[in-house]
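Student:
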Amino acid sequence: FWCQGYSEPGSGSDLASLKTRAVLDGDEYVVNGQKTWTSHAQHADWIFALVRTNTEVKKQQGISFFLIDLNTPGIERRPIISMDGGHYLNEVFFTDVRVPASNRIGEENKGWTYAKFLLGNERSGIAGVGKSKKKIEKIIAAAQQERGIGEGKLWDDPEFRGKVSAVSSKLSALENTNLRMLAAEAAGKTVGPEASILKINGTEIEQSLNELFMEALGNFAAPYEPEGLNIDANLDPVEPEYGRGVMTEHLLRRAATIYGGTNEVQRDIIAKHVLGL
21 FWCQGYSEPG SGSDLASLKT RAVLDGDEYV VNGQKTWTSH AQHADWIFAL VRTNTEVKKQ
81 QGISFFLIDL NTPGIERRPI ISMDGGHYLN EVFFTDVRVP ASNRIGEENK GWTYAKFLLG
141 NERSGIAGVG KSKKKIEKII AAAQQERGIG EGKLWDDPEF RGKVSAVSSK LSALENTNLR
201 MLAAEAAGKT VGPEASILKI NGTEIEQSLN ELFMEALGNF AAPYEPEGLN IDANLDPVEP
261 EYGRGVMTEH LLRRAATIYG GTNEVQRDII AKHVLGL
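Per this note's numbering, the sequence shown starts with residue 21, numbered consecutively.
Here's what the structure looks like:
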């Protein structure tokens, strides 16, 4: 089970400024530093990490890509609890961690190139077209059950239907962009700045849908106890079955426009590589 060691305190949006250091000592590197926002590191056996191996060159050119066994002496993992009460994220500390030189991927100081390739694919995946299509179906089903204004159901309200239709139209456009990118990849082309377009629109659509789901549930969306996620807690649910986990998802995915490279940074990438600004 792997986790990803990219972000550091002060080096998130400006990832290339990372400071975790690896110094070659014989046939091993000695690693010191810290990673943060490391998803599921509490479960992981290994971490693939970006570390600095040269401080004398341009910051993007002095980074290497390492595979590190998390059971190696000198590694400490500390939990970061999200505002939904869940433990997904962690801090990972490296103190004189010895990593075999054979665990370096590719050439020394070329890690930034490899990371950009991985991030392009990650951002494309974050778009989550299939997941959002399923969520629209669930929102419509909930709105057909929940009361709207007067005696009718929420789905009878043209204003609410208009909101769902607007997001659905954006999702259709996103799906077409995603399909074009997949066709380009199948033709042997590499992922380009369109990955940033997918990431921006996919996460903003996801957040809009979560807000619509909350609106559809009305009062049922308000109660939330993290202990209720524990199946042994014996708490009786107060919301209908289709409302379970909606608040959790809403709180957790507020970070969707941040992780995988903030949407602000993605707009900078588009401005540079698409618009030539």
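C-beta: ideal position from N, C-alpha, C; glycine also.
Is it the case that the Cβ atoms of Phe233 and Lys155 are separated by a distance below 8 Å?
Tutor: Taking the sequence shown and counting its residues from 1, the one referred to as residue 233 is at position 213. Taking the sequence shown and counting its residues from 1, the one referred to as residue 155 is at position 135. Against a cut-off of 8 Å, the Cβ pair of Lys155 and Phe233 comes out as a contact.
Student: In the DSSP assignment, find the unbroken beta strand (DSSP E) run with Val43 in it and report its ends.
Tutor: One-based indexing of the sequence shown puts residue 43 at position 23. From DSSP, the beta strand (DSSP E) with Val43 extends over Arg41 to Asp45.
Student: Mind reading off the beta-carbon distance from Pro93 to Gln54? Whole number of angstroms is fine, and I expect it under 8 Å.
Tutor: Your numbering for residue 93 matches position 73 in the sequence shown. Your numbering for residue 54 matches position 34 in the sequence shown. So it is not a contact: roughly 17 Å between Cβ atoms.
Student: Thinking C-beta only, is Val51 closer than 8 Å to Ala42?
Tutor: Locating residue 42 in the sequence shown gives position 22, where the first residue counts as 1. Locating residue 51 in the sequence shown gives position 31, where the first residue counts as 1. Yes, the pair counts as a contact, with Cβ atoms nearer than the cut-off.
Student: Measure the Cβ-Cβ separation of Phe113 and Glu96 and say whether it is below 8 Å.
Tutor: For the purposes of this step, residue 113 is taken as the residue at position 93 of the sequence shown. For the purposes of this step, residue 96 is taken as the residue at position 76 of the sequence shown. Yes, the Cβ-Cβ distance between Phe113 and Glu96 is below 8 Å.
Student: Restricting to Cα atoms, I'd like to know which of Val294, Gln24 and Ala204 is closest to Asp89.
Tutor: To locate residue 89, count along the sequence shown from 1; it is residue 69. Taking only the C-alpha atoms, the option nearest Asp89 is Gln24.
Student: DSSP three-state label for Ala215, please.
Tutor: Position 195 of the sequence shown, counted from the first residue, corresponds to residue 215. Helix at Ala215.
Student: Can you tell me which of the three DSSP states Ala164 falls into?
Tutor: Taking the sequence shown and counting its residues from 1, the one referred to as residue 164 is at position 144. Before going further, note that residue 164 is Gln rather than Ala in the sequence given. Note: Gln164 maps to coil in three-state DSSP.
Student: Could you check the C-alpha separation between Gly296 and Ile217 for me, to the nearest Å?
Tutor: Here residue 296 is taken as the residue at index 276 of the sequence shown, counted from 1. Here residue 217 is taken as the residue at index 197 of the sequence shown, counted from 1. So the alpha carbons of these two residues sit roughly 15 Å apart.
Student: Are there 16 or more other CB atoms within 10 angstroms of the CB of Gly280, so buried, or fewer, so exposed?
Tutor: Numbered from 1 along the sequence shown, position 260 holds the residue referred to as residue 280. Classification of Gly280: buried, given that the 10 Å Cβ count is 16 or more.
Student: For the beta strand (DSSP E) that contains Trp22, what are its first and last residues?
Tutor: The residue given as residue 22 occupies position 2 in the sequence shown. Per DSSP, Trp22 belongs to the beta strand (DSSP E) from Trp22 to Gly25.
Student: Can Arg273 and Glu226 be called in contact, C-beta distance under 8 Å?
Tutor: Start at 1 with the first residue of the sequence shown, and residue 273 comes out as number 253. Start at 1 with the first residue of the sequence shown, and residue 226 comes out as number 206. Yes.
Student: Spell out a yes or no on whether the region 143-153 and the region 209-224 are touching, meaning 3 or more CB-CB pairs, one atom from each, closer than 8 Å.
Tutor: With a cut-off of 8 Å, the region 209-224 and the region 143-153 count as touching, because enough Cβ pairs lie within range.
Student: Exposed or buried, which one is Val187 when buried takes at least 16 other CB atoms within 10 Å?
Tutor: For this step, residue 187 is matched to residue 167 along the sequence shown. Burial call: buried.
Student: Start and end of the alpha helix (DSSP H) containing Pro29?
Tutor: On the sequence shown, position 9 is the one that residue 29 refers to. Counting along the chain, Pro29 falls outside any alpha helix (DSSP H), and DSSP gives it neither H nor E.
Student: When you compare each of Phe86, Ala36 and Thr58 to Thr75 by their alpha carbons, which one comes out closest?
Tutor: Residue mapping note: residue 75 aligns to position 55 of the sequence shown, counting from 1. Answer by Cα proximity: Ala36.
Student: With DSSP collapsed to three states, give me the class of Gln227.
Tutor: The sequence position of residue 227 within the sequence shown is 207, counting from 1. Of the three classes helix, strand and coil, the one that applies to Gln227 here is helix, per DSSP.
Student: Bridge partners of Asp89, per DSSP?
Tutor: Looking up residue 89 in the sequence shown gives position 69. For Asp89, which the question treats as bridged, DSSP gives the partners Trp66.
Student: Leaving aside the five residues before and after Asn196 along the sequence, list all residues of the same chain whose C-beta is less than 6 Å from its C-beta, in chain order.
Tutor: Translated into positions along the sequence shown, residue 196 becomes position 176. Counting only Cβ-Cβ distances below 6 Å, and skipping sequence neighbours, we find nothing.
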